[in-house]
Ligand code: HSE
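Residue numbers (our numbering): 7 to 345.
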């Protein structure tokens with residue numbers, strides 16, 4: 007049987023979700039696609055576990071949970087991390103899930119470019135390098151003749167990038183408008199339905215593992231702005247970068263404002279708009295009962311097309327296994343086309 011040797015870089019909520027998802031699905035994948043998935047390395051910011059014979063995916067996640075470091079993995083734990091891991095073991099595919107960095111795009115940018123230069127395919131959930139240097143990164147993948155897939159970078163488990171590119175392939179995309187951040191939707195929903203305070207709901211979303219490592223990226227609209235840029239580039243062909251997005255977050259939204267809106271039949275949601283005329287993230291009033299009325303960590307997006315009218319998608323926008331599911335679907339799509 008063919009093998010696909012995988013390195014997982016970044017081992018927070020998403021990285022651990024990848025390991026768990028592979029453990030759950032590798033038998034199905036070998037049966038249905040004839041390829042055995044083997045995790046040969048997993049790394050966090052200061053340690054790793056590396057074995058060319060393959061690691062136990064559930065044990066990786068358990069060890070990280072219990073010890074906080076992958077160096078505690080029996081026999082194969084090391085203090086190596088970063089790009090060196092990509093030289094330490096033979097691999098075919100990098101699953102990159104390091105925290106998003108919107109200042110420098112690192113370490114995702116260096117890891118991704120290095121993997122491309124090594125001729126390896128990359129699946130990512132990261133937003134920093136895509137929001138800052140979409141053209142450069144996607145061109146580097148093409149130049150090295152490797153696959154680069156990033157469905158999980160927008161909307162977690164909500165299908166949007168591959169769905170629009172493949173299922174709506176006959177259509178031109180005029181605009182996309184929707185809710186692209188699970189953490190803020192969770193905070194606003196809980197403030198609306200239960201009158202919970204902003205601080206408590208933010209803490210809850212961190213405990214659920216849905217907030218970014220730096221949660222100001224969520225509440226200040228930065229995360230949704232990154233996703234706006236990724237959709238603009240990948241689906242509307244707009245050559246935009248993060249600084250082109252007008253951004254306003256939800257940190258100034260008060261319980262009183264939410265109550266007032268509610269009385270008039272409205273909700274306050276953090277809305278992202280992607281169109282040739284406007285790239286914008288801001289809190290807006292939406293009608294209760296409309297397609298924007300989605301609760302908790304759900305995301306939604308209405309895709310306005312030339313031939314098919316409006317198509318609306320919805321799904322869980324954040325979460326460990328949910329985000330990993332989108333990454334594993336990208337891996338399967340690479341297995342189908344290359345193996
Ligand atoms: N922090 C992000 C969110 C995770 O809340 O939507 C998914 O990108």
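The beta-carbon is built from N, C-alpha and C at its ideal position, and this holds for glycine as well. Computed from a predicted model, the values in this text were never measured in an experiment.
- Contact residues of ligand 1 (beta-carbon closer than 6 Å to any heavy atom; chain order) are 162, 187, 188, 189, 216, 217, 218, 224, 229, 323 and 324.
- Annotation: residue 199 to residue 287 spans about 23 Å, alpha carbon to alpha carbon.
- For residue 180, the enclosing beta strand (DSSP E) starts and ends at 179-185.
- Under the three-state reduction of DSSP output, residue 289 falls in the strand class.
- Distance from the CA atom of residue 157 to the CA atom of residue 273, rounded to whole angstroms, is 28 Å.
- The C-alpha of residue 342 is placed about 25 Å away from the C-alpha of residue 319.
- Only buried fits residue 137, as 16 or more other CB atoms lie within 10 angstroms of its CB.
- Where residue 272 is concerned, the enclosing beta strand (DSSP E) starts and stops at 272-281.
- Only residues of its own chain outside the window of five on either side were considered, and among them 46, 47, 56 and 58 have a CB closer than 6 Å to the CB of residue 95, listed in chain order.
- With distances taken between CA atoms, residue 281 lies nearest to 235 out of 235, 162 and 314.
- Counted as a single uninterrupted DSSP element, the stretch harbouring residue 216 is not any alpha helix (DSSP H), since DSSP gives it neither H nor E.
- Nearest to residue 313 by C-alpha distance, out of 24, 32, 175 and 270, is 175.
- For residue 155, the secondary structure class from DSSP, reduced to helix, strand or coil, is strand.
- For residue 103 against residue 150, the beta-carbon gap comes to about 21 Å, at or over 8 Å, which does not count as contact.
- Taking the C-beta atoms as reference points, residue 299 is found no nearer than 7 Å to residue 129.
- By alpha-carbon distance to residue 85, the top candidate from 24, 185, 54 and 224 is 54.
- In this structure, the straight-line span from the alpha carbon of residue 260 to that of residue 167 is close to 33 Å.
- The three-state secondary structure of residue 21, taken from DSSP, is helix.
- Contact check for residue 15 against residue 49 passes: the beta carbons are separated by less than 7 Å.
- Assignment of beta-bridge partners to residue 128 by DSSP yields 100 and 154.
- As a beta-bridge residue in DSSP terms, residue 10 pairs with 43.
- In the three-state reduction of the DSSP assignment, residue 64 falls in the helix class.
- Within the DSSP bridge table, the entry for residue 54 names 49 and 84 as partners.
- Here residue 113 has 88 and 104 as same chain residues with Cβ atoms under 7 Å from its own Cβ, once five neighbours each way along the sequence are excluded.
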